[in-house]
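Chains as they are written, first to last, in my numbering: chain D, 648 to 1008; chain V, 91 to 379; chain H, 216 to 452; chain G, 27 to 319; chain E, 976 to 1228. Since the structure comes first, as structure tokens, the remarks are kept for the end.
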Ligand SMILES: Nc1ncnc2c1ncn2[C@@H]1O[C@H](COP(=O)(O)OP(=O)(O)OP(=O)(O)O)[C@@H](O)[C@H]1O
Ligand SMILES: Nc1ncnc2c1ncn2[C@@H]1O[C@H](COP(=O)(O)OP(=O)(O)OP(=O)(O)O)[C@@H](O)[C@H]1O
Ligand SMILES: [Mg+2]
Ligand SMILES: [Mg+2]
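Written out as structure tokens, the structure is:
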């Protein structure tokens, strides 16, 4: 029988650009798995729903997938904010909710059924910042971040702690809001402090634009970015103006591991565009699930099978597009209730050169 | 049968809760529209109510009714304070000032620690139950219906039609406007409190410009000449996206199209007593022939 | 006298209510024709239908050989039928001068327009004093003057007047009627709706009496003025 | 730094003004807050992008074509939706709600056709980089936008103030009935206005798309809110107001970033708007008719 | 009962009223006439609180009106009709009139919410009274129609009924017969006289001389913002200043 897997991602709305890439990653992986005969002879059937990046929609979609479509487990939602709304539903229904793009603190502390393979900024930024500081001999930095978005604000908090840790003075901290397109005012102010580098907790589209505008103001500093930088979009928009940007992530398009190269090629062929980190993480997540399911005997009793997935998943190991992967238990929650699992992965530090990220040596 | 109902209820109960909450929101803007005020502050009031109620639930052990009450009273107080200077404005200027107020509220929520910044508040306990929403909606409907049939409702109507003439009928125009504004704020806040306790999380982005416009759309779509209109409008516009799910990527386009068509063919809203009345008259006439 | 405007079997409804129920009348070229009737008789409705602001349920309005009921309102004005409507339809947020300039909207003869502007200002000197002020700040009577002056700026062939003397001081009422007679002498056809029945019939060559949407009397102005039925109903005995 | 910030403010303000020009025109003449203006603005940049990218059309031509297309859409929206509503004398909020429907549709269709991700004009469409002017860094697009908004504003302003057409538009704005009685082709001018406003919106979209490299189906949303602020600030449908309101908003935002904190950029801008309205209830240029009875 | 004491009013430099002093006696019908733009409506706007005087005092039955809001003045007992009709168009005739009774429906908030007996009684009485007022102006057969569908003259009558509904002591009428024909004017004249008999005082502006002269006990004449004459109709009719400024040479009307 088919194994029904729910996919709840933001396919429309401003978060759609991430959700669509994620959906693509899932579809690619599922198609590959099914082409090889599925899991123990069972095909993976994806039921994809659009949660629009809105919390009520995320709840509705989760409920539809869990109670009506009776899926084995659910992937998604796209945004951390939506996950805070939807994951409690999954936990209450005792269904695994597996996020591939939720990076906020506390997501996996909501309950034992929450899993994610998205790497947290806290695991990556200290590494990449240290490398950047060394590489460019950085003495002081300026910071810019999106202050009304959970992802970029979270990233900023980690950057702030990291910079304090590594005793790097910050000349100026600036914020912008979703939908802003003109960053010149902030950049002009940052320029006055004459920093050695600019730390940018931003998504790729905004980052590309910020870099271009910084250059047009005569600023030549390198940029240090988070996960958000890890997208071909950065170069679509900024081209070689983005050169020398430093970013750390478990996934890099330049990682020559065969699993990754195969993924990139297949993705390019299927969707006629280059994948980004969102797609890669989704792709790996589906494979992690499939590998786990191989060891689970599905009984046909939905409740039992759902529970079996939760029990089996933490043991998963995988070496995929994003490199070696395993789960680690989330930090204990304040209330002392059971928690879910975070990703345990190593970051690769990359530097942008000639319109692409290469591994920083 | 029972199984079917169980599955239906567990799938769609949030949608049904949302219908109730959205009906409250549409009614909250109906109150101000009824006396001719185009106020777009109700999303912000909803936010204030939601945060107030959620903070009480998260940080104190106080019972749910207390949280809801705080979520109703606090926005009403804020409405009272900002209403006094703002309600001198008319038409779109009022709309803009209230929208500006909404933006300020959003940014304040975004920058305070107690509100959790852009992350908002998470892990809000699930306390709202179906009968809470039903009961509160019924109470609000009852109060508004009573008001409508009294001198206050008539005063609203007079103010909406012509403020100067209304004053000269002995109506305290600014007092009535303020009352409508505060009442609207309280209802929106109540809706916010209820909503926060079944969506587990609230964030500053939930109460911005788009929400303000959504609330207005529900009310006007349903019809604002009486209380049934906003309720019907909220119901349809909440359920519609669920029904249109099969259209996938283009469902919002179809949603938009339906909005246009309804507005075009039923410009006074879905629930337009005059049209319905005329319809029955015509039917009667035809039957009589 | 040749006729210039002929209404045949005109009926106008508001929803289900028929306000004008199939009336026929003619205006002779260069004459003043009066239309009198009680409140709610349908006078204003008739004028609005001629100007195309209400679409007739049936019937035609012929200007020479053109059926106006088929034209859109602005074309009707272009063909020379201009109305001073009830309630004045002053543009309150424009200045008095701009209101007058818009009166000549359909005209292109700059020089003549300038002359006419001087002429209407001389008819109503108050307007000249306040030319740059907002029309909305004028008193009721002053607005009435502006409405008439603005219609004159269009150099109409047929002028439709809906209670032009309403709200005007006695001196001015007389003045208005004098002006109407004067411009009528220059060949302008006037269709006059008036509550000031006596004055209206005195300057009108022809008159019609409208009652609840139907024409009940048609005669010369002179005869109507002495018709006992008219005297009894409209001139307070 | 100050001079750079002032220039930043001028160019940001011009962007707002450019967006607001068409917006305010519709508002001023039709009395409708056209919430589809953001979507039309967005569509403008997609049309031009498509022409430049796929057909290698030169930019000026693509700009004109985009204006034509968006203008036609504006006309269609008026003809198919707003005109029937006008004819039926509906509550005044109804047309605005209809335009929300239009916005949702256009946005969703664009997204379906072009995807959700941000696009940009191909490199080399316009001269990249900036030239220096003392300490000032200035790009070609910025100068273009500033110039174009001022010129368009002056042209529109002189049409509205000095010509019979402008007076007719203002007449329609106040009372279509009165305008009919003056022989004004009211419907024709409504169409013309809707066409022109949408074409202006489309042009704004192209220019903003060019300068900020962030063409997406949602690019109109944040503009819309700013646009409303601008036209209210400037006063109902006042052309001058669109420019001054736009500049005001631009300066308020940039100076907040420069001297207060970028966290409060929008709060200060909207807070100021709120305060200004309290002092001048009809915007900076709104005329107040004092007469009450 | 209504006293204007050296009132002046300016609009941005334009002096519209200048040192205007008069007194409307209780129980009388008082007329205000004058050329267009003389400032008559402005007098009403000041008396009803829509405008604030630039100088001078206005008193009504011993209360100074200077600081009062329009609705408070209405509650003191002044009602008016408007020169440019202002009815509530989207509302039925009956509701229009009931709105006029706003201040006199004293059921509390509790009564309203609980739909108490007294609430129902007061509401029913208000409706009954409104119908009676409508029948005075012969509009009771249209009570449930929308006010918008009335002809111009009918709208004036509705305004009249609505003003009476506020239970005024003093009724201000701004050109009540504009747009009515002679028969209707005579009818309204009788109505006004009968209203006065019921104890109302009336202060009216009108350009129709037969109406004014036939009705008023006293008349004041305003010209360019100044009172140029005051007295009983006969005196006014023959006052050369008034003839010069306003009446013109009497024709055989
Ligand atoms: N918009 C409307 N909707 C419905 N009925 C209307 C409307 N306008 C007028 N009527 C009705 O049509 C009839 C004729 O009205 P009209 O305005 O033509 O009268 P009139 O002769 O001009 O009266 P008056 O002397 O009072 O101005 C009246 O009975 C009136 O109630
Ligand atoms: N708000 C205002 N701003 C400027 N001028 C005004 C304003 N209100 C009234 N006026 C002017 O004041 C003068 C008196 O106006 P008012 O309306 O009192 O005249 P009135 O005597 O009622 O005239 P009518 O008989 O024509 O109604 C007029 O010249 C008018 O234009
Ligand atoms: Mg009439
Ligand atoms: Mg007056």
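We put the beta carbon where it would ideally sit given N, CA and C, even for glycine.
Option in the options with minimal Cα separation from residue i
i: residue 198(V); options: 292(G), 307(G), 300(G) and 303(G); result: 292(G)
i: residue 1097(E); options: 178(V), 329(V), 241(V) and 376(V); result: 241(V)
i: residue 764(D); options: 965(D), 978(D) and 983(D); result: 965(D)
i: residue 281(V); options: 307(V), 225(V) and 236(V); result: 225(V)
i: residue 987(D); options: 792(D), 845(D), 871(D) and 978(D); result: 978(D)
i: residue 235(G); options: 207(G), 68(G) and 110(G); result: 68(G)
i: residue 230(V); options: 169(V), 179(V) and 321(V); result: 321(V)
i: residue 106(V); options: 346(V), 351(V) and 330(V); result: 330(V)
i: residue 769(D); options: 991(D), 998(D) and 997(D); result: 991(D)
i: residue 179(G); options: 297(G), 47(G), 147(G) and 278(G); result: 47(G)
i: residue 306(H); options: 442(H), 350(H), 223(H) and 428(H); result: 350(H)
i: residue 248(G); options: 828(D), 997(D), 985(D) and 968(D); result: 828(D)
i: residue 1127(E); options: 1055(E), 1061(E) and 1195(E); result: 1061(E)
Range of the contiguous beta strand (DSSP E) that encloses residue i
i: residue 653(D); result: 650-656
i: residue 429(H); result: 429-435
i: residue 163(G); result: 162-165
i: residue 988(D); result: 988-991
i: residue 1000(D); result: 995-1000
i: residue 1202(E); result: 1201-1206
Nearest-angstrom Cβ-Cβ length linking residue i and residue j, presumed shorter than 8 Å
i: residue 1003(D); j: residue 900(D); result: 7 Å
i: residue 220(H); j: residue 242(H); result: 4 Å
i: residue 62(G); j: residue 151(G); result: With a Cβ gap of about 27 Å, residue 62(G) and residue 151(G) do not count as contacting.
i: residue 440(H); j: residue 247(H); result: Contact doesn't hold; Cβ gap of about 13 Å is too wide.
i: residue 140(V); j: residue 110(V); result: Contact doesn't hold; Cβ gap of about 15 Å is too wide.
i: residue 174(G); j: residue 44(G); result: 7 Å
i: residue 289(V); j: residue 884(D); result: About 35 Å; that fails the 8 Å criterion.
i: residue 296(V); j: residue 702(D); result: 7 Å
i: residue 778(D); j: residue 893(D); result: 7 Å
i: residue 980(D); j: residue 871(D); result: Not really, about 31 Å apart at Cβ, beyond 8 Å.
i: residue 244(H); j: residue 250(H); result: Not a contact, Cβ separation roughly 17 Å.
Three-state class that DSSP yields for residue i in the structure shown
i: residue 298(V); result: coil
i: residue 1228(E); result: With a pLDDT of only 44 at residue 1228(E), under the threshold of 50, the placement of this residue in the model should not be trusted, and no figure is reported.
i: residue 217(G); result: helix
i: residue 452(H); result: Low local confidence applies: a pLDDT of 48 at residue 452(H) is under 50, so the model's placement there is unreliable, and no value is given.
i: residue 259(H); result: helix
i: residue 233(H); result: strand
i: residue 292(G); result: helix
i: residue 373(H); result: strand
Endpoints, the alpha helix (DSSP H) within which residue i is located
i: residue 1171(E); result: 1157-1172
Segments assigned alpha helix (DSSP H), at least 4 residues, entirely inside the stretch 771-845 of chain D: 797-812 and 831-839
Give, in chain order, every unbroken run of the alpha helix (DSSP H) that is at least 4 residues long and sits entirely within the stretch 1043-1126 of chain E. 1045-1051, 1068-1075, 1084-1089 and 1092-1111
Please list the segments of the alpha helix (DSSP H) lying wholly inside the stretch 660-716 of chain D, counting only runs of 4 or more residues, in order along the chain. 663-682 and 702-710
Pick out the complete beta strand (DSSP E) segments inside the stretch 171-211 of chain V, 3 residues or longer, and give them in chain order. none
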